[in-house]
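*Asks:* Numbering (this note's numbering), first residue to last: 202 to 768.
Note that beta-carbon positions come from the ideal geometry of N, C-alpha and C, so glycine has one too.
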């Protein structure tokens with residue numbers, strides 16, 4: 202036994218990765234071997250003395266009878282909560298994982314035993330620093346739900362409010378930390394011994410997963426998410442997020458309002474619900490998250506959408522979120538615009554901009570030639586309202602992947618939210634049209650993009666950047682001349698000629714700078730016609746001021762050109 206452990210330590214030390222739980226490392230490797238991945242393990246440069254006995258003892262799953270995807274699924278289920286969580290997240294990443302594997306991973310379920318009431322009571326009282334009876338009037342000993350990281354109990358506060366208490370599974374954090382360390386080691390070995398895997402960066406996936414799951418096991422993060430969603434949707438009709446009871450929320454327990462509702466896909470034929478209204482509200486939630494707030498529920502599925510009362514849509518389980526920058530929101534808007542126009546060149550161009558890659562611009566033609574025909578098949582003989590966007594978005598991502606273009610995870614989260622809502626919408630209201638529902642939000646974003654305020658801001662930013670560059674030009678030029686004098690730069694030009702060329706260049710730059718300022722003033726004069734509150738000579742006063750300044754500067758510019766002989 203000591204020899205085996207020593208062999209494990211030798212393997213780990215050789216990789217310069219610290220693994221604290223060597224027994225867990227051995228257990229993981231044994232499970233992988235048992236599910237038919239022994240050949241892969243042998244190529245990961247693990248210690249042969251230690252690995253060979255494991256491969257001999259592990260009765261491998263028959264690789265000829267069970268697909269690779271099934272074996273990955275079985276291994277993840279057996280390895281427990283951390284690996285199940287990884288599989289669930291990978292099932293939402295078609296940019297990284299083949300469709301055949303995603304089909305298997307979507308069935309991954311938490312298969313963990315309920316932990317005992319005594320452990321729940323101990324965890325809650327330790328976190329609150331007082332007995333349960335001092336905070337709760339009632340506390341159900343039987344969990345409402347149980348998952349890999351936590352289980353949920355219904356309770357009642359002293360003031361009579363019904364709440365749910367989310368209690369973290371005891372000991373889950375050190376287990377997750379140990380598993381992530383081992384995942385990182387195996388990912389590093391995979392990249393080192395299978396260079397083709399570097400395209401999807403297994404180590405990068407593990408590091409991204411680590412950040413995500415460490416946030417998820419700190420329940421204060423979910424409280425922050427809930428509070429932000431509640432602020433963003435304050436006043437939005439028929440939308441509700443549960444109210445966290447902050448004074449009772451800690452790193453390991455979370456107390457919040459109990460939502461009694463029906464899953465959105467279990468409404469049946471109940472006539473008290475207006476399904477069309479519910480679908481419209483669902484799209485309103487998703488589009489507001491994407492186009493207005495850039496803050497997206499990253500685990501939106503039917504189980505997290507509950508309907509109560511008068512068609513009110515309640516969103517729960519807000520531990521995972523995605524964020525979109527203004528530029529990313531613009532790209533998603535452009536994507537929908539090109540879809541409406543059936544502009545396949547435009548679609549390919551937007552995808553090219555959205556992805557992460559280092560391809561030269563000339564490669565775009567190759568990319569378009571491959572991807573455009575695949576996208577076109579969705580439009581042949583089909584009305585835009587009948588397109589299945591789930592399949593179309595999948596083809597977007599698959600096409601990008603084939604050319605080494607990676608979609609940032611926030612885009613794939615956005616696509617998943619749209620596809621999920623489209624699926625729910627089609628089930629409740631077959632006449633639903635995603636693009637029609639998106640139109641008001643896309644129009645609003647386009648108006649913001651071309652608003653006077655936005656244009657002025659971009660003009661100002663461009664002029665400021667240009668002015669900064671020109672301001673430092675003399676210093677940089679003098680530095681270059683000094684280096685020329687000292688022989689530090691050698692070029693085929695006399696110093697005097699360099700000075701003349703530089704002076705001419707500076708003069709041209711000054712004129713370019715002035716022309717930009719004049720153009721900006723003219724633009725400001727035009728854009729402020731509707732907003733000016735006073736008049737000069739019967740004309741909009743602010744516009745007159747801008748035009749006058751542009752005229753004075755333009756005249757000076759023209760006279761300067763004449764004096765210099767047009768140079």
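(1) With DSSP as the reference, please indicate the residues paired to residue 365 in a beta bridge.
(2) Please list the terminal residues of the continuous beta strand (DSSP E) segment that includes residue 523.
(3) At which residues does the beta strand (DSSP E) containing residue 546 begin and terminate?
(4) Please classify residue 756 as buried or exposed, where buried requires at least 16 other C-beta atoms within 10 Å of its C-beta.
(5) Could you pull the DSSP bridge partners for residue 347 from this structure?
(6) Please tell me whether, using a cut-off of 8 Å, the distance from the CB of residue 486 to the nearest non-hydrogen atom of the ligand SAM is below it.
(7) Go ahead and pull the three-state DSSP assignment for residue 560.
(8) Rounded to the nearest angstrom, what separates residue 521 and residue 417 at their Cα positions?
(9) Between which residues of its own chain and residue 616 is the CB-CB distance below 6 Å, once the five residues before and five after are set aside?
(10) Which same chain residues end up closer than 8 Å to residue 625 when comparing Cβ atoms and leaving out the 5 residues on each side of it in sequence?
(11) Taking the CB atoms as reference points, tell me whether residue 285 and residue 247 lie closer together than 9 Å.
(12) Alpha carbon to alpha carbon, what distance is there between residue 474 and residue 648?
(13) Considering residue 337, what are the terminal residues of the beta strand (DSSP E) in which it resides?
(14) Just reading off the alpha helix (DSSP H) that residue 604 is part of, what are its end residues?
(15) Taking one C-beta from the stretch 345 to 352 and one from the stretch 272 to 290 each time, how about it: are there three or more such pairs within less than 8 Å?
(16) Taking C-beta to C-beta, are residue 235 and residue 379 nearer than 9 Å?
(17) Would you tell me roughly how many angstroms separate the C-alpha atoms of residue 299 and residue 307, rounded to the nearest one?
(18) Can you find at least 3 beta carbon pairs, one from the stretch 486 to 497 and one from the stretch 424 to 433, that sit closer than 8 Å?
(19) Could you check the C-alpha separation between residue 281 and residue 313 for me, to the nearest Å?
(20) Inspect the beta-carbon positions of residue 456 and residue 366 and report whether they are closer than 9 Å.
(21) Short of 6 Å in beta carbon distance, which residues of its chain neighbour residue 423, apart from the five on each side in sequence? Order them along the chain.
(22) Could you check which residue in 606, 579, 552, 230 has the C-alpha nearest to that of residue 383?
(23) Can you tell me whether residue 209 is helix, strand or coil according to DSSP?
(24) Alpha carbon to alpha carbon, what distance is there between residue 577 and residue 645?
(25) If contacts are defined as beta-carbon pairs under 8 Å, then residue 410 and residue 450 qualify, I think. What distance do you get, rounded to the angstrom?
(26) Mark residue 539 as exposed unless 16 or more other C-beta atoms lie within 10 angstroms of its C-beta, in which case mark it buried.
(27) With H, G and I counted as helix, E and B as strand and the rest as coil, what does DSSP make of residue 633?
(28) State the start and end residues of the unbroken alpha helix (DSSP H) segment that holds residue 426.
(29) DSSP three-state call for residue 694: helix, strand or coil?
(30) For residue 398, I'd like the list of residues in its chain whose CB is within less than 7 Å of its CB, leaving aside the five on either flank, ordered along the chain.
(31) Enumerate in chain order the residues of its own chain whose CB-to-CB distance from residue 489 is below 8 Å, with the five nearest sequence positions on each side excluded.
(32) Does the distance from the CB of residue 401 to the CB of residue 297 come in under 9 Å?
(33) Given this structure, state the Cα-to-Cα distance separating residue 597 from residue 355, to the nearest angstrom.
(34) When the distance is taken between beta carbons, is residue 590 closer than 9 Å to residue 629?
(35) The beta strand (DSSP E) spanning residue 506 covers which residue range?
(36) Run the CB neighbour count on residue 209, radius 10 Å, all protein chains shown included, and call it buried at 16 or more, exposed below.
*Replies:* So, from the listed chains and residues:
(1) To locate residue 365, count along the chain shown from 1; it is residue 164. Per DSSP, 355, 457.
(2) Residue numbering aside, residue 523 sits at position 322 when the chain shown is read from its first letter. Run containing residue 523: 522 to 524, per the beta strand (DSSP E) assignment.
(3) Taking the first residue of the chain shown as position 1, residue 546 is located at position 345. First-last for residue 546: 545 to 555, but that is the alpha helix (DSSP H), not the beta strand (DSSP E).
(4) In the chain shown, counting from the first residue as 1, residue 756 sits at position 555. Counting Cβ neighbours within 10 Å, residue 756 comes out exposed, since fewer than 16 surround it.
(5) Looking up residue 347 in the chain shown gives position 146. Under DSSP, the beta-bridge partners assigned to residue 347 are 352.
(6) Inclusion of the ligand SAM in the displayed structure is not the case, the ligand content being empty and no account of it being possible.
(7) Your numbering for residue 560 matches position 359 in the chain shown. Note: residue 560 maps to coil in three-state DSSP.
(8) Here residue 521 refers to the residue found at position 320 when the chain shown is read from its first residue. Here residue 417 refers to the residue found at position 216 when the chain shown is read from its first residue. Roughly 7 Å between the two C-alpha positions.
(9) For the purposes of this step, residue 616 is taken as the residue at position 415 of the chain shown. Cβ neighbours of residue 616 beyond the five flanking positions: 594.
(10) Translated into positions along the chain shown, residue 625 becomes position 424. Cβ within range, chain order: 465, 466, 480, 483, 503, 506.
(11) The residue labelled residue 285 in the question sits at position 84 within the chain shown. The residue labelled residue 247 in the question sits at position 46 within the chain shown. No, the Cβ-Cβ distance between residue 285 and residue 247 is not below 9 Å.
(12) The residue labelled residue 648 in the question sits at position 447 within the chain shown. The residue labelled residue 474 in the question sits at position 273 within the chain shown. Roughly 35 Å separates the two Cα atoms.
(13) What you label residue 337 is simply residue 136 of the chain shown in a count that begins at 1. Per DSSP, residue 337 belongs to the beta strand (DSSP E) from 337 to 340.
(14) Working through the chain shown from its first residue, we reach residue 604 at position 403. That residue, residue 604, is in no alpha helix (DSSP H); it is neither H nor E in DSSP.
(15) yes
(16) Along the chain shown, read from residue 1 onward, the residue named residue 235 stands at position 34. Along the chain shown, read from residue 1 onward, the residue named residue 379 stands at position 178. The Cβ-Cβ distance between residue 235 and residue 379 does not fall below 9 Å.
(17) Against the chain shown, residue 299 aligns to sequence position 98. Against the chain shown, residue 307 aligns to sequence position 106. So the two alpha carbons sit approximately 12 Å from each other.
(18) yes
(19) As a working note, residue 281 is residue 80 in the chain shown. As a working note, residue 313 is residue 112 in the chain shown. Whole-angstrom Cα-Cα distance: 8 Å.
(20) Taking the first residue of the chain shown as position 1, residue 456 is located at position 255. Taking the first residue of the chain shown as position 1, residue 366 is located at position 165. Yes, the pair counts as a contact, with Cβ atoms nearer than the cut-off.
(21) Mapped onto the chain shown, residue 423 falls at position 222. Only 519, 520 meet the Cβ criterion.
(22) As a working note, residue 383 is residue 182 in the chain shown. That would be 230, whose Cα lies nearest to the Cα of residue 383.
(23) In the chain shown, the residue the question calls residue 209 occupies position 8. With a pLDDT of only 49 at residue 209, under 50, the local geometry of the prediction cannot be trusted, and no value is derived from it.
(24) In the chain shown, the residue the question calls residue 645 occupies position 444. In the chain shown, the residue the question calls residue 577 occupies position 376. In this structure, the alpha-carbon of residue 645 lies about 28 Å from that of residue 577.
(25) As a first step, residue 410 is located in the chain shown; it is residue number 209 there, counting from the start. As a first step, residue 450 is located in the chain shown; it is residue number 249 there, counting from the start. Between residue 450 and residue 410 the Cβ distance is about 25 Å, and since that is not below 8 Å, they are no contact.
(26) Position 338 of the chain shown holds residue 539. When all chains shown are included, residue 539 counts as buried.
(27) Stepping through the chain shown from its first residue, residue 633 is reached at position 432. Note: residue 633 maps to coil in three-state DSSP.
(28) If you number the chain shown from 1, residue 426 lands on position 225. Note, residue 426: alpha helix (DSSP H), 420 to 433.
(29) Mapped onto the chain shown, residue 694 falls at position 493. Here the model assigns residue 694 a pLDDT of 46, short of 50, so the residue's position is not dependable and the matter cannot be decided.
(30) Numbered from 1 along the chain shown, position 197 holds the residue referred to as residue 398. So the list reads 391, 392, once near-sequence residues are dropped.
(31) Locating residue 489 in the chain shown gives position 288, counting from the first residue. Correct list, in chain order: 433, 434, 437, 642.
(32) Within the chain shown, the letter at position 200 stands for residue 401. Within the chain shown, the letter at position 96 stands for residue 297. Yes, Cβ-Cβ distance for residue 401 and residue 297 is below 9 Å.
(33) Here residue 597 refers to the residue found at position 396 when the chain shown is read from its first residue. Here residue 355 refers to the residue found at position 154 when the chain shown is read from its first residue. Answer to the nearest angstrom: the Cα atoms are 43 Å apart.
(34) The residue given as residue 629 occupies position 428 in the chain shown. The residue given as residue 590 occupies position 389 in the chain shown. Contact flag unset, no.
(35) Reading the chain shown from its first residue, position 305 is the one you call residue 506. Start and end: 506 to 509.
(36) Taking the chain shown and counting its residues from 1, one reaches residue 209 at position 8. Reliability fails at residue 209, whose pLDDT of 49 lies under 50, so the model's placement of it is uncertain and the value that follows must be treated cautiously. Classification for residue 209: buried.
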